Structures are given as structure tokens and as C-alpha cells.
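Take a look at the structure below.
Here it is as C-alpha cells:
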């Protein structure tokens, strides 16, 4: 499974995983619930930069995260732009990117095994209503790794296109979907082999 974890000794790395998860969840919810106006987009951007600017992570890492989300940015901006106008689409896109980047900070500064343990402990009380905490935690951690995996696949398809001189969205979409579906099959096979059904 792909992991985003980057080792370090900054404040985010040293913070206990449970506390860090709750704090980043609150920040993501705060950014998501901001009103769709320019000052809110600026506030979300400033908050995101401030969270990444601490020692051990860095603003350059934020740039890499945003660059990996460029296709999400195109979709998140393009479709609402058509229906809501440029301003509303731009503000909404900034809020989405800030929320995803803040969520990504958790997997950047927390090893997958520790993150899996935190999520499993948080979900344990839900066993009374039939929730399998271990399986749900694994699903959430795998989902966190899916965005960077899809970003890597998109880069590979784009590189192959440029090498062949091919251009156009249709030339990109078909091989990207094939690779994404193949990855999903491989991931499903790997989970089944480990007894997850």
C-alpha cells in the first residue's frame, strides 16, 4: 500500500496521533464549513500554509500536495464555474484543496500503522451497533492512500502521452481509467489475500 508518510521530528510528527487526528479533523471541518466568499477562501489558504510552514513539513511539501491535486482542481473548478460563475467556483475550489491538503497532513506526519491503530480505537465503541472497527479503519486508511496513487497514475499517463506526442482529454481518460480500475482490482485481491472481505 502506498504511504505518504515522511519521517521527521517537527511539531506535527511529535504530536500524539490521537490528538493530531482530532485537531486536523476540526480544521478540515472548519475549512469545509466556511461561507463561499473570498475572505473565507483567503482564510482557508492562510490556515493551510500556516499548518505546513512548521518545521518538519514545509511549504514546499504543500506545493507538492497541491500539484498532485491539479486534476481535482480542474474538475472542482470547471463544473461549478459553468453553473455558478467564476467567483463561486474559485472560492469553492480553494476550500476543497485546503481541506484535502490539511487531511493529507495527517498521513504525511503519521505512520500508516499508527494511523490505523488510532482510527480503530476511535471506532471501537461502535462495535455495539455492528461496526467492525478493524475493517472500517483499514478502509479509511486505504482511502487516504488512494488520492496520491491516482495522482501518480495520472502523471504516468501524461508522461506516456507526451512521449508519444498525443494530446486531448479522451486520450488521457481511457488509459487513466484502465490503470485506476486495475489498481482497484489489485488492491481488492491484496485485501482478500489478507482475509479482508
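Residue numbers (the working numbering): 1140 to 1336.
Even glycine gets a Cβ: it sits at the ideal position worked out from N, Cα and C.
What you are looking at is a predicted structure, and each value in this text was computed from that prediction instead of being measured.
Sequence-distant Cβ neighbours of residue 1216 in its own chain, meaning closer than 7 Å and more than five residues away, are 1228, 1229, 1232. In this chain, the alpha helix (DSSP H) harbouring residue 1211 covers 1209–1223.
An exposed status is given to residue 1226, since fewer than 16 other beta-carbon atoms sit within 10 Å of its beta-carbon. Per DSSP, residue 1256 is one residue of the alpha helix (DSSP H) stretching across 1251–1262. Classified as exposed, residue 1295 has fewer than 16 neighbouring CB atoms from the shown chains inside 10 Å of its CB. With a cutoff of 9 Å on beta-carbon distance, residue 1195 and residue 1151 are scored as near each other. If you ignore the 5 residues before and after residue 1148, its C-beta comes within less than 7 Å of the C-beta of 1195, all in its own chain and listed in chain order. An exposed status is given to residue 1309, since fewer than 16 other beta-carbon atoms sit within 10 Å of its beta-carbon.
Residue environment analysis places residue 1260 among the exposed positions, since fewer than 16 neighbouring C-beta atoms fall within 10 angstroms of its C-beta.
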